[in-house]
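Residue numbers (the UniProt record's numbering): 1 to 237.
The following block contains the structure:
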């Protein structure tokens, strides 16, 4: 479960400054609760009839990304607009360029209060801190997506490559910021699965040969062990 923030409706009822303050606070609260946030509704409204956006619209997308939204969404621009592909390209470009300027590693101050009874939350925190310190991407193996979501809300500086053997989990994880989900069948042997995952990333240009990555296994529902055990390793591709 997450939250969808319709920008136009809010814009009709609040002054612009008040709207952005409220939106930022709502996004912060959702992040602290481990919920995904989508900022949506005609963010590029002028592109329904014009081929280029206004500066205010570009700024609104950039601000939403900086505020920590997991996703930004178009509606009328692609449903009945004259330039749907251009609108998608503009939003994609602005979001990517804004993300590239954000320094990773910021931690929501009270995320631990929500998950204070979960060892997984503490594990995700330290995995993120280690990844940020070493400058590595994170490779996580999951059947539920829970650990990937926790890692996402800690906003590590590297990409979270989430390997899962459940297609429905892969689809759900695509929403979360910083997560690149991959559907792959798991072998009965953990080492073979690790090797297959690294080979996949290397083959598709997602990592480079000789690069280090952090391999994470969540123990909430262990994949290769009969008992719950958290495990993190640093390996060279």
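Glycine included, each C-beta is placed from N, C-alpha and C at the ideal position.
These numbers come from a predicted model, not from an experiment.
- Straight-line spacing of the CA atoms in residue 62 and residue 103 works out to 14 Å.
- In this structure, DSSP gives residue 155 a state outside helix and strand, which the three-state scheme calls coil.
- Following the DSSP letters along the chain, one finds residue 74 in no alpha helix (DSSP H), marked with neither H nor E.
- The shortest C-alpha to C-alpha distance from residue 179 to any of 26, 164, 51 is the one to 164.
- DSSP places residue 51 in the coil class of the three-state scheme, outside both helix and strand.
- Within the same chain, Cβ atoms closer than 6 Å to the Cβ of residue 185 are found at 165, the five residues on either side in sequence being excluded.
- Across the set 64, 44, 69, 58, the C-alpha of 69 shows the shortest separation from the C-alpha of residue 30.
- In its chain, beyond the 5 residues on either side, 137, 201, 213, 237 have a beta carbon closer than 7 Å to the beta carbon of residue 207.
- Remark: C-beta atoms of residue 81 and residue 48 approach each other more closely than 9 Å.
- Take residue 151, set aside five residues on each side of it, and the residues of its chain with a beta-carbon closer than 7 Å to its own are 124, 127, 128, 138, 140, 160, in chain order.
- If you draw a straight line from the Cα of residue 90 to the Cα of residue 223, it comes to about 40 Å.
- A residue is called buried once 16 or more other Cβ atoms fall within 10 Å of its Cβ, and residue 43 is buried on that count.
- Assignment of residue 39 by DSSP, reduced to helix, strand and coil, places it in the strand class.
- Around the beta carbon of residue 155, 16 or more other beta carbons sit within 10 angstroms, so the residue counts as buried.
- The beta carbons of residue 36 and residue 64 sit no closer together than 9 Å.
- Sixteen is the threshold: since fewer than 16 other Cβ atoms of the shown chains lie within 10 Å of the Cβ of residue 188, the residue is exposed.
- Put simply, the backbone Cα of residue 167 is about 38 Å away from that of residue 50.
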